[in-house]
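Below is one structure, written out as structure tokens, with a few remarks after it.
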Amino acid sequence: MNQNQNLQGNNTQSLEETFKTFIGEIDSRQVESLENRFHDQFLDHVSVSGISEMIVSNKEKYIQSLREGKIGGIPRNIQIKSLDIIENFGIVTANLESNLMQFQTQYSFLWTDGRWKVIHALVAAKKN
Numbered sequence: 003m004n005q006n007q008n009l010q011g012n013n014t015q016s017l018e019e020t021f022k023t024f025i026g027e028i029d030s031r032q033v034e035s036l037e038n039r040f041h042d043q044f045l046d047h048v049s050v051s052g053i054s055e056m057i058v059s060n061k062e063k064y065i066q067s068l069r070e071g072k073i074g075g076i077p078r079n080i081q082i083k084s085l086d087i088i089e090n091f092g093i094v095t096a097n098l099e100s101n102l103m104q105f106q107t108q109y110s111f112l113w114t115d116g117r118w119k120v121i122h123a124l125v126a127a128k129k130n
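Numbering (my numbering), first residue to last: 3 to 130.
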């Protein structure tokens, strides 16, 4: 194994750990911890089955929705479909499921200042 393969493996592992922690903190509404996990230019695009308009949030709106209890607060099972590294971007495709909702997701992270920060989320949601 050359050094680049080892570096990519370490980044993939840290990306997976970061993703699982990120989702867990949303599910338990740990707003203070989450604030440092979002990139300042974060955008969230959500399509909910049966609703014609897409929901779009930036970092501030997303955190406010967590604080107000509009999102999060329900544990979800995580099934990671893929983890990819493209230069300093990490992409996680995963299915998330709670007792109320199912989510097909793709999260993009940026490796910056020695850590992964979530910069974009695409979410297709539907009620169970």
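Ideal Cβ placement from N, Cα and C applies to all residues, glycine included.
Just to confirm the assignment, what range does the beta strand (DSSP E) spanning residue i have?
{"i": "S59", "result": "57-60"}
{"i": "K119", "result": "117-129"}
Can you have a look at residue i and say buried or exposed, based on whether 16 or more other CB atoms are within 10 angstroms of its CB?
{"i": "K119", "result": "buried"}
{"i": "K61", "result": "buried"}
{"i": "L102", "result": "exposed"}
Quick check: the Cα distance between residue i and residue j, rounded to an integer number of angstroms?
{"i": "N4", "j": "E18", "result": "The predicted position of N4 is uncertain, since its pLDDT is 31 and thus under 50; no value can be drawn from it."}
{"i": "R69", "j": "A126", "result": "22 Å"}
{"i": "Y64", "j": "N79", "result": "21 Å"}
{"i": "F40", "j": "D86", "result": "19 Å"}
{"i": "E59", "j": "L98", "result": "According to the sequence shown, residue 59 is Ser rather than Glu. Cα to Cα, the separation comes out at about 19 Å."}
Per DSSP, which residues does residue i bridge with? Please list them.
{"i": "S84", "result": "T95"}
{"i": "N79", "result": "E99"}
Which two residues bound the contiguous alpha helix (DSSP H) that contains residue i?
{"i": "Q2", "result": "Because the chain in this structure spans residues 3 to 130, residue 2 falls outside the shown range and cannot be described."}
Quick one: does residue i have its CB under 7 Å from some CB of chain D?
{"i": "N101", "result": "The chain inventory of the structure shown lacks chain D, comprising one protein chain alone."}
Problem - the region 17-29 touching the region 55-75, judged by at least three CB pairs closer than 8 Å - result: Under the Cβ criterion (8 Å, minimum of three pairs), the region 17-29 counts as touching the region 55-75.
Practice task
Determine, using beta-carbon pairs with one atom in the region 76-91 and one in the region 104-116, whether at least three such pairs fall under 8 Å.
Solution key: The count of Cβ pairs closer than 8 Å, one atom from the region 76-91 and one from the region 104-116, reaches three, so the stretches are in contact.
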